[in-house]
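Residue numbers (our numbering): 310 to 382. In this text, a Cβ means the ideal position worked out from N, Cα and C, and glycines have one as well.
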């Protein structure tokens, strides 16, 4: 029985020496401000993805125009 506690203690000491953090549960609820910030970050991320997609589509369109109509020298 004592070996179980000794083993658990050894693991705890080893993890502290090696710099490994044991998982800590964050039991506090998310505040309204944090929730608002998370939603804004998600919204900004989706807006950025849409903008990047539009840029890539425009670049592809420009490349297709250039290949269809090569410049005259």
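Query: Three-state secondary structure (DSSP) at residue 378?; Result: coil
Query: Is residue 339 near residue 347, with beta carbons less than 9 Å apart?; Result: yes
Query: According to DSSP, simplified to helix, strand and coil, what is residue 339?; Result: coil
Query: For residue 352 and residue 377, what's the separation of their Cα atoms in angstroms?; Result: 38 Å
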